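Before any comments, here is the structure.
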Amino acid sequence: MLNDLTIATAAERLRRGELSAVDLTRAALDRIAATEPALNAFLTVTADAALTAAADADAALKRGAAAGPLTGIPIAVKDVIATRGVRTTAASKILEGFVPSYDATVTRRLRDAGAVIVGKVNCDEFAMGSSNENSAYGLTRNPWDLARVPGGSSGGSAASVAAGQALAALGTDTGGSIRLPAAYTGIVGLKPTYGRVSRFGVIAYASSLDQVGPLTRDVTDAALLLGVLAGHDPRDSTSVDRPVPDYAAAIAGGVAGARGLRIALPREYFAAGLQPDVERAVRAATDVLRDAGAALHEASLPHTEYGVACYYILAPAEASSNLARYDGIRYGLRAPSTGGLLDLYRDTREAGFGREVKRRIMLGTYVLSSGYYDAYYLKAQKVRTLIRRDFERVFADADVIVTPVAPTTAFRIGEKTADPLAMYLSDVLTIGVNLAGLPAIVVPCGLDHAGMPIGLQIVGPPFGEEAVLRAACAFEAATDWHALRPPDVAGREAPR
Amino acid sequence: MSLRLGNYESVIGLEVHAELLTASKIFCGCSAAFGAPPNRHTCPVCLGMPGMLPVLNRRVVEFAVRAGLATHCRIAPVSRWARKNYFYPDLCKGYQISQYELPICEAGWIDVPLEDGTKRVRLTRIHMEEDTGKNIHDAHGSASLVDFNRSGVPLLEIVSEPDMTWPAEAGAYLRTLRSILQYLQICDGNMEEGSFRCDANCSVRPRNTMALGTKIEIKNMNSFRAVERAIAYELERQVRVLEEGGTLVQETRLWDPDREETRAMRSKESAHDYRYFPDPDLPPLVVSASFVEDVRRSLPELPDARRARFVSVLGLPEYDAEVLTARRDVADYFEAVVTAHPNAKAASNWVMGDILRLVREQKLDDAPVIERWPVTAAHLGALIALIDGGTISGKIAKTVFEEMLACGDAPAAIVERTGLVQVSDEGPIVAAIDQVLAANGAKVEEYRGGKDKLFGFFVGQVMKATGGKANPGLVNALLKKKLAGS
Numbered sequence: 000m001l002n003d004l005t006i007a008t009a010a011e012r013l014r015r016g017e018l019s020a021v022d023l024t025r026a027a028l029d030r031i032a033a034t035e036p037a038l039n040a041f042l043t044v045t046a047d048a049a050l051t052a053a054a055d056a057d058a059a060l061k062r063g064a065a066a067g068p069l070t071g072i073p074i075a076v077k078d079v080i081a082t083r084g085v086r087t088t089a090a091s092k093i094l095e096g097f098v099p100s101y102d103a104t105v106t107r108r109l110r111d112a113g114a115v116i117v118g119k120v121n122c123d124e125f126a127m128g129s130s131n132e133n134s135a136y137g138l139t140r141n142p143w144d145l146a147r148v149p150g151g152s153s154g155g156s157a158a159s160v161a162a163g164q165a166l167a168a169l170g171t172d173t174g175g176s177i178r179l180p181a182a183y184t185g186i187v188g189l190k191p192t193y194g195r196v197s198r199f200g201v202i203a204y205a206s207s208l209d210q211v212g213p214l215t216r217d218v219t220d221a222a223l224l225l226g227v228l229a230g231h232d233p234r235d236s237t238s239v240d241r242p243v244p245d246y247a248a249a250i251a252g253g254v255a256g257a258r259g260l261r262i263a264l265p266r267e268y269f270a271a272g273l274q275p276d277v278e279r280a281v282r283a284a285t286d287v288l289r290d291a292g293a294a295l296h297e298a299s300l301p302h303t304e305y306g307v308a309c310y311y312i313l314a315p316a317e318a319s320s321n322l323a324r325y326d327g328i329r330y331g332l333r334a335p336s337t338g339g340l341l342d343l344y345r346d347t348r349e350a351g352f353g354r355e356v357k358r359r360i361m362l363g364t365y366v367l368s369s370g371y372y373d374a375y376y377l378k379a380q381k382v383r384t385l386i387r388r389d390f391e392r393v394f395a396d397a398d399v400i401v402t403p404v405a406p407t408t409a410f411r412i413g414e415k416t417a418d419p420l421a422m423y424l425s426d427v428l429t430i431g432v433n434l435a436g437l438p439a440i441v442v443p444c445g446l447d448h449a450g451m452p453i454g455l456q457i458v459g460p461p462f463g464e465e466a467v468l469r470a471a472c473a474f475e476a477a478t479d480w481h482a483l484r485p486p487d488v489a490g491r492e493a494p495r
Numbered sequence: 000m001s002l003r004l005g006n007y008e009s010v011i012g013l014e015v016h017a018e019l020l021t022a023s024k025i026f027c028g029c030s031a032a033f034g035a036p037p038n039r040h041t042c043p044v045c046l047g048m049p050g051m052l053p054v055l056n057r058r059v060v061e062f063a064v065r066a067g068l069a070t071h072c073r074i075a076p077v078s079r080w081a082r083k084n085y086f087y088p089d090l091c092k093g094y095q096i097s098q099y100e101l102p103i104c105e106a107g108w109i110d111v112p113l114e115d116g117t118k119r120v121r122l123t124r125i126h127m128e129e130d131t132g133k134n135i136h137d138a139h140g141s142a143s144l145v146d147f148n149r150s151g152v153p154l155l156e157i158v159s160e161p162d163m164t165w166p167a168e169a170g171a172y173l174r175t176l177r178s179i180l181q182y183l184q185i186c187d188g189n190m191e192e193g194s195f196r197c198d199a200n201c202s203v204r205p206r207n208t209m210a211l212g213t214k215i216e217i218k219n220m221n222s223f224r225a226v227e228r229a230i231a232y233e234l235e236r237q238v239r240v241l242e243e244g245g246t247l248v249q250e251t252r253l254w255d256p257d258r259e260e261t262r263a264m265r266s267k268e269s270a271h272d273y274r275y276f277p278d279p280d281l282p283p284l285v286v287s288a289s290f291v292e293d294v295r296r297s298l299p300e301l302p303d304a305r306r307a308r309f310v311s312v313l314g315l316p317e318y319d320a321e322v323l324t325a326r327r328d329v330a331d332y333f334e335a336v337v338t339a340h341p342n343a344k345a346a347s348n349w350v351m352g353d354i355l356r357l358v359r360e361q362k363l364d365d366a367p368v369i370e371r372w373p374v375t376a377a378h379l380g381a382l383i384a385l386i387d388g389g390t391i392s393g394k395i396a397k398t399v400f401e402e403m404l405a406c407g408d409a410p411a412a413i414v415e416r417t418g419l420v421q422v423s424d425e426g427p428i429v430a431a432i433d434q435v436l437a438a439n440g441a442k443v444e445e446y447r448g449g450k451d452k453l454f455g456f457f458v459g460q461v462m463k464a465t466g467g468k469a470n471p472g473l474v475n476a477l478l479k480k481k482l483a484g485s
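Residue numbers (numbering that gives the first Met the number 0), protein chains in the order written: chain Z, 0 to 495; chain L, 0 to 485.
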């Protein structure tokens, strides 16, 4: 039953008194207990705090007044987002046992809206990865096929929603980290415009690219959650002071929302290398949108091919600096070190960071070092500007851009771990959106021959979340893909 | 101090770090006050905890623009924040937020008064940055602690061009710069507490050549005297090395005030690559023309202008004007004295003499003493008025002044209480003169025989006989008449 609920339906039943928040939370906790042996989606389950919050929610519901939009709704939070009094590790050994004394702004907003936080979900260490295989606390499995990855880095968030452990989850998206796992697990993932949602309290990977967003079961829930998360935060200088639109109104039209919508299809995103099933499903999805009244045209984003290279200079550069604070001096892991100060730093960081994190720190340190800065970092910034201008040009006569999310569906665990470059290419179709700071949503649009979900990406201009949601909602209303659920993995063990 | 540089000439540039007197830190709301118990003034932001973000304190920008305008800099309409990356326990984020390729102020200058005229020293740039914490090592070397109270306190870094030649010029530059910052009320200028810190870049080159020699940076100087001594030592050391056929390597050296020498820091620490890049957490800083104009309008009168006014309006000698305006608090005090009683030269003599002597004696050089001074400007003005009105002599005034220092009372009250009123009646003075002349018949004869120098002796005796209260002018006149033989 939990697996079929959306936030909207659950909230309605809570409001009518057909369901109590405590029962709903208990169901979520039971589901977590039953499915975790197979999935390993959670790093921390906050059962007691969740039940207390649920009891509070029930009291608020009983009073009837001033219940928040998420009152009583069990939600999972990616472990790179700070939760006051709850261990927050970014899935890294170096933050082992770290308990922040503060909430991230998005955490605060969830609580203020009445949400019940059921725990912290697994991710790639410091959000670096495309498969969720880089967690220091073990990989998360895809509930559709336990031999496959759920996608990264918000793989724990996606798996928890797909498997019915929570009704929704927060993720972060730096190069596709919300959208890729949403596509791989058959759910909806929304990456908002850079600056739309506060980054305060979100453990930074690449500050100029990171953005928090919701992973949900349908577009309605994504709109609802975005409305809670969005808005100016004076504690984040990059958060934009701009009114938050009524996202629910944006999707009120259903299928009719597609009428007159100008959709651009960038030819570079449909190039060779796309898995045939993926291309077929996405083409079929664009037909659905045309049939619903949208006007489609082909467009070009000529600098697409430089996106991955540009990203893997800028993101590691920022990461190398953002991760310098994990030095063993003040919190988290401190390696037993007998040498001097330099040895303490080296031993702590050697023991605390995983391979991928080290790889990116070294890349970033290299591209920023004197003599290489101009050739790499500065050049990448210029490429980023070109990529942003590509999008601006296309949006001059399009409301949204529709593309595939990834070249393939979820791949097998271990398939790409030996080849970082192959892994990096998983993000080739999502990275441009981050470099340009744009909003984008992913909705399920099919299954491949192996029964794995396929996602459709809808990209909007800056602060074009309404258009993106409208198009996504129209597609969702015209199809049933979002209603598909993975097989029940309760009671199963992770395969060897 | 004489410098032995032989066939070499020296080039000096200075980098000053001035801690700003804002109430709160540069990127969070914590207090920026000095002297609290360790880690009292900290929060997750200034501790650089995971997920924390900086939010700029507008006041810091205002202070930076104030400093830039007062030193004739160009104020950049758009400047940028950068990260300076390095590992050290007192640096909690692993980087310091600073400005790098686009600082807020560039290309300024200040005029530095020297004994033989004024020298214009150019400023390369002024930029804003956050201060770091402070490591505290215990005496046994078994543990190190970090105090982050200072972490995030706003700093201006003021970088000069290598326009100075002599240690004394560097000292004069620093004093002038500090005076400007104090006038602007943006920095207290306290070198010992570290709120005004200086690094010196020194090099030597053969006379009359253009190329700069190997630059060596000196750190760890916490007084003006130390700066001058350290530079002098370092320049002579460099010449010595070169003359002995050695070569200099670019390095950072520390001044050891006890041994009066510089020594090399460990080379590891000078081999830094800071990997500067624009801070992605802070948007570019845009300063509007109207903001700059608002700051310009709010600027106080600066030392240069005040010095000129003291000469042209108050009629003071150049020298007096310069001494009095070197410190804003002293100049303010002086002006208040003149407001209380308009005798600028007398006020100048008192302030430059008695007041500044005491400031020096009590080593109050760094503290804003004047507002806490027991002798208020109104009282000093009143004291000068008593002299000008003939109530007391200048000599009595010194006694009254000592008493004012001790008890803080108004001079009139002290004069009344102690009876130190000047005697200007001829009767008692003539009586005293007669008495002195009668008692010193032989000396009177000698004087009349042509030994003029004895006049002072008679004045002294008369003053002594009147307990110092006799009006000296009257004593002179009457004594002359008497000795002339009437």
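Each residue gets a CB set at the ideal place from its N, CA and C atoms; glycine is no exception.
On a predicted model such as this, the values are computed, not experimentally measured, just so you know.
So what's residue i in DSSP terms, helix, strand or just coil?
i: L/S311; result: helix
i: L/H71; result: coil
i: L/Q95; result: strand
i: L/Y7; result: strand
i: L/V60; result: helix
i: L/G472; result: helix
Using 8 Å as the limit for Cβ to Cβ distance, is residue i near chain L?
i: Z/F462; result: no
i: Z/A103; result: yes
i: Z/R108; result: no
Is it buried or exposed, residue i, if we count other Cβ atoms within 10 angstroms and call 16 or more buried?
i: Z/L385; result: exposed
i: L/Y318; result: exposed
i: Z/V277; result: buried
i: L/L211; result: exposed
i: L/C29; result: buried
i: L/L155; result: buried
i: Z/A37; result: buried
Beta-carbon of residue i versus every beta-carbon of chain Z: anything under 8 Å?
i: L/L55; result: yes
i: L/S269; result: Below a pLDDT of 50, predicted positions are generally treated as unreliable, and L/S269, at 49, falls in that range; the measurement from the model is reported next regardless. Cβ-Cβ to chain Z under 8 Å: no for L/S269.
i: L/G407; result: no
i: L/M190; result: no
i: L/R274; result: yes
i: L/D280; result: yes
i: L/C91; result: yes
i: L/E129; result: no
i: L/N348; result: no
Confirm the yes/no value for this check: CB of residue i, any heavy atom of the ligand SAM, distance under 7 Å.
i: Z/D398; result: In terms of ligand content, the structure shown is empty, and the ligand SAM therefore cannot be addressed.
Output yes or no for whether 8 Å exceeds the beta carbon distance between residue i and residue j.
i: Z/T179; j: Z/A405; result: The amino acid occupying residue 179 of chain Z in the given sequence is Leu; Thr does not appear at that position. Yes, Cβ-Cβ distance for Z/L179 and Z/A405 is below 8 Å.
i: Z/L223; j: Z/I6; result: yes
i: L/M351; j: L/L323; result: yes
i: Z/L428; j: Z/Y183; result: no
i: L/A66; j: L/I125; result: yes
i: Z/I72; j: Z/L166; result: yes
i: Z/R86; j: Z/Y101; result: no
i: L/L298; j: L/L68; result: yes
**OP:** Take every Cβ of the stretch 275 to 295 of chain L, pair it with every Cβ of the stretch 92 to 104 of chain L, and state whether three or more of those distances are shorter than 8 Å.
**Re:** yes
Subject >> contact_flag[the stretch 71 to 85 of chain L, the stretch 182 to 190 of chain L] where n(CB pairs < 8 Å) is 3 or more >> reply: no
Original post:
Does the stretch 108 to 115 of chain Z come close enough to the stretch 50 to 70 of chain Z to have 3 or more Cβ pairs within less than 8 Å?
Top reply: yes
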